Amino acid sequence: MIHARGLTKTYTLKKTSVDAVRGVDLDVEAGQLVAFLGPNGAGKSTCLRMLTGLLPPTSGTARVAGHDVTTEAAAVRARIGYIGQKGGAGEAFRIGDELVTQGRCYGLTRRDARSRAEELLTVVGLDGLFARKPSTLSGGQRRRLDIALGLMNRPPLLFLDEPSTGLDPASRADIWAHILRLRADHGTTLFLTTHYLEEADTMAERVVVIDQGRIIADGTARALKADLAGDRLTVTLHDPADAPRAAELAAGLPGAAEIAADGPRLTLRVAAADRALPEFLRALDAAGLKAEAAESTRPTLDDVFLALTGRTIEDEDA
Amino acid sequence: MTFLRDTATIFSREFAPVWRDPLSLVFTMAQPLLFLYLFGPLLEQGTQTPGPAWQWFVPGILIMMCLSGPLMAGYFLLLDLIGGSMERLLVTPVSRTALLVGRTLKEFVVLLAQAVLIIGLAVPLGLDLHVPGVLTGLTLLVVFGIGLGGLSFVLAIVSAPGGELFYGVTQVVMFPLLLLSGVLLPVENGPGWLQTAAALNPVTYVVEAERALFAGRFLDAPVVGGAAAAVVTALLGLHLARRRMARGL
Ligand SMILES: Nc1ncnc2c1ncn2[C@@H]1O[C@H](COP(=O)(O)OP(=O)(O)OP(=O)(O)O)[C@@H](O)[C@H]1O
Ligand SMILES: [Mg+2]
C-alpha cells in the first residue's frame, strides 16, 4: 500500500532551512494498522503530507495505493482518504454541505453525495446535525466530522493525523471505536500519527517511531519493548550488605542488563520478567540471601523511546 | 467535463452561505451604500465633477466594490488555508484550477448582484441609464474583478499560514489605489505629482472607462485604455494564480 524510499523534506523559511524529514524508508502492506509515533516536530505530519501528495518531497520517491505520489498524483488521490491535523470543515459552511461537497469532489452525483453524507453522519453519531455549522460542535464532534469527511470516498487507505489529540478519554475511546470498526468492516489500511503512547501500544499492530526526521524503530509494540527496553525487576534485600552478591547472581539471568544497587534495592533489566523473577528469587534463596520484596514492571513505549534517544516523548511534549 | 463539474461543485460550496442568507449580501455592501447616499448628494451640490454628478460617481462606487469583493475572495481562501479545509479539498481528486475558478465565479456573481442593486438604487437619485453602456461597463468590471481575484488568491497563498502579509498588503495597497484613481473626487484638480501617480494606477483607467460607458460613449479613448487595463490585470492575475497553484500549497 505504501512504499517510500529516501523521502526527505527541507522547508526553507527566510534563508533558514529546516530538515523536517531526513530519509524515510517505509513499507506498509494492505490491511495493516500502523501507528506513527514521535514527539512534537518529529516530522510526522510532514511525512503524511508527502505521502498524500500535498507536499512535494525535496528528494526521494513514494508509491501509495499503487501509484507514484508525484507523477500520478490524481490516481493516488482517488484511492486515499486523509484526515489532517487541523479540522477539515470550513467554518462558513453547514456540515452537511461540506460532506456533500466532499462527495462531489470524489465524483459522486449530488444525490449520492447527499445520501452518503446522511449515512456517514449517522455512522459517526452526528445524525440530525446536517444543518449545523462546525463552530457549534464540540471538539469530539468536530473530530468525528473530520472522520466522516475522510470516509466519503470509502478509501482503501486512510491517513489520520492525530485523530484523537486534545479529546477527553471518552471521546478518544469513541474515535478509536470508529477507527477499529472501519478496519473490521472494510479492511481499510490505516496509517495514523499519535503522541499518545498508550494508544499506539494497545491499538496498533505495528509502531513506527520517528524522531528528528528519521525512523528509529519499527515493529510490534511487544517486540520493540522486549528488544529495546526489556522488563524491569526491583528486588529489595533484607540486608544491604548482600547487594553485591545478589548483583552477581542477577547477571546470570537471561538478557540481564543495567544492574544497579541502591542500598538494599537492586534494579535490573531482563528480557522477560515473568520467567526471570521466580528464577532470581530461587537463586537468591539457594545462596542464602533473603529478599523482602520483589516487583516487576513492563516497559512502556516511552521506555523504548528513552532507550533509543535518551529522551522521553512525554518530556518533549511538555 | 470534470473541470466544469468541479467548478460547479466549488461554486456551489462557496455560494451556499450567500444563498442561505441573502441579507449578508446587503451587509457587505454597507460601505458602497453609505457612499451612495451620504457622499453622492454632496457631489451633486458641488460642481467639482465634470458632467452630471451621478453619471460620474456611480461608476466609482462600482469600482470600490470591485476592489473589495475580490479582496474578500482572497481573505476567505486564506481562512480555508489556515484552517484545514483547503488541505482537505486538495487531497480529493478535484481539479486544482476549479478550486480557484469556482471561488472567483462566486465573487463574480456577488459583484454583479451588488452592482445591479447599486445601479437600481441610483436611478431614482438621478442616474441616466444607458443600457448598452451599463452592460458593457459591467462586463469590464467583471473582467477586472477576475484579475484582482487571481492576484488576491496568490497573495493569500503566499501569506499562509500566518496571514500577516495578506492583511498588511491589503491595508497598505487598497486605499491609495482607490484614492489615486479619482473614484471619490476628480484627480484633475490635484497637484501634478498626484496626477502622475494616478496615471500609473491601472484602476484609474478602468474608472475612466466605466464613466465613459455609463455616459453611453463607447468609442472613447478611456474605454480602450480601461479595457486594456482590465484585460491585462485579468491575464496577469489568472496566470500568476495558476502558476502558484501548480507549485502546490
Ligand atoms: N510549513 C512549514 N514551514 C517551515 N517549517 C515547518 C513547516 N511545517 C513544519 N515545519 C517544521 O518541520 C518540523 C516537522 O514538523 P511536523 O509538523 O512534520 O512535525 P510533527 O511530527 O507532525 O509534530 P506534531 O506532533 O507537533 O504535529 C518541525 O520542526 C516544524 O517546525
Ligand atoms: Mg503533526
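Sequence lines, in order, name chains G and U. Per the numbering used here, residue 1 is the first one in the first sequence, and the count goes up by one each step. Per the numbering used here, residue 1001 is the first one in the second sequence, and the count goes up by one each step. Ideal placement from N, C-alpha and C gives every residue a C-beta, glycine not left out. As the structure is a prediction and not an experimental result, all values here were calculated from the model.
### Query
Are there three or more Cβ pairs, one per stretch, closer than 8 Å when the stretch 1051 to 1065 of chain U is compared with the stretch 1111 to 1118 of chain U?
yes
### Task
With 7 Å as the limit, tell me which residues of the stretch 1081 to 1098 of chain U have their beta carbon closer than that to any beta carbon of chain G; keep them in chain order.
G1083, G1084, S1085, E1087, R1088, L1089, L1090, V1091, T1092, P1093, V1094
### Message
Quick check on Y82(G): buried or exposed, where buried means 16 or more other Cβ atoms within 10 Å of its Cβ?
### Response
buried
### Message
Checking the sheet assignment: what are the DSSP bridge partners for K15(G)?
### Response
Partner(s): none; K15(G) has no beta bridge.
### Task
Specify which residues have a beta carbon nearer than 6 Å to any heavy atom of ligand 1, listing them in chain order.
Y11(G), L13(G), V18(G), A20(G), G38(G), N40(G), G41(G), A42(G), G43(G), K44(G), S45(G), T46(G), Q85(G), H195(G)
### Message
Pairs of beta-carbons, one from the stretch 199 to 210 of chain G and one from the stretch 35 to 52 of chain G, closer than 8 Å: are there three or more?
### Response
yes
### Query
For the stretch 94 to 128 of chain G, which residues have a beta carbon sitting closer than 8 Å to at least one beta carbon of chain U?
R94, D97, E98, T101, Q102, R104, C105, Y106, G107
### Message
Taking 7 Å as the threshold (beta carbon to beta carbon), is A1016(U) in contact with chain G?
### Response
yes
### Message
Threshold first: 3 residues or longer. Then list the beta strand (DSSP E) segments lying entirely within the stretch 168 to 236 of chain G, N to C.
### Response
189 to 194, 206 to 211, 214 to 219
#### Entry: chain G contact for R1013(U) (CB, 7 Å cutoff)
yes
### Query
With distances taken from CA atoms, which of G1069(U), P1041(U), T1104(U) is nearest W1056(U)?
P1041(U)
### Task
Taking 7 Å as the cut-off, decide whether the C-beta atoms of C319(G) and V21(G) are in contact.
The structure shown does not extend to residue 319(G), since chain G spans only 1 to 318, so no value can be given for it.
### Task
Kindly provide the ranges of any beta strand (DSSP E) runs that are 3 or more residues long and lie completely inside the stretch 1099 to 1137 of chain U, ordered along the chain.
none
### Message
Please report the distance separating the alpha-carbon of T61(G) from that of L306(G).
### Response
30 Å
### Query
chain G beta carbons: is any one of them nearer than 7 Å to that of T1009(U)?
yes
### Task
Report yes or no: is there a C-beta of chain A within less than 7 Å of the C-beta of G88(G)?
The displayed structure is made up of protein chains G and U, and chain A is not among them.
### Message
Could you compute how far the alpha carbon of L1179(U) sits from the alpha carbon of F1027(U)?
### Response
23 Å
### Task
Output the distance between the C-alpha atoms of I175(G) and L1141(U), rounded to the nearest integer angstrom.
49 Å
### Task
Name, please, each residue of chain U whose Cβ falls closer than 8 Å to the Cβ of T52(G).
V1091
### Task
Go ahead and label F1144(U) buried or exposed: buried means 16 or more other beta carbons lie within 10 angstroms of its beta carbon, across all protein chains shown.
buried
### Message
My output table needs one value for D242(G): the three-state DSSP class, helix, strand or coil.
### Response
helix
### Query
Could one say the Cβ of K86(G) lies closer than 7 Å to chain U's Cβ atoms, at least one of them?
yes
### Other residues of its chain near E258(G): CB distance less than 7 Å, five sequence neighbours each side excluded
L268, R269
### Query
Using a Cβ-Cβ distance under 7 Å, would A92(G) count as near chain U?
yes
### Query
If you run the structure through DSSP and keep just helix, strand and coil, what is K44(G)?
helix
#### Entry: Bridge partner(s) assigned by DSSP for T10(G)
D19(G)
### Message
I want to check one thing, is the minimum distance from the CB of G1102(U) to the heavy atoms of ligand 3 below 6 Å?
### Response
As far as ligands go, the structure on display features ligand 1 and ligand 2 and does not contain ligand 3.
### Task
Verify whether the separation of the beta carbon atoms of I80(G) and L157(G) is less than 7 Å.
yes
### Query
Any idea which residues DSSP pairs E162(G) with across the strands?
Per DSSP, none; premise fails for E162(G).
### Task
Step through the CB atoms of chain U and report whether any lies within less than 7 Å of the CB of A148(G).
no
### Message
I need the straight-line Cα distance from D231(G) to R144(G), nearest angstrom please.
### Response
37 Å
### Reduced DSSP category for A1246(U) - H, G, I as helix; E, B as strand; rest coil
helix
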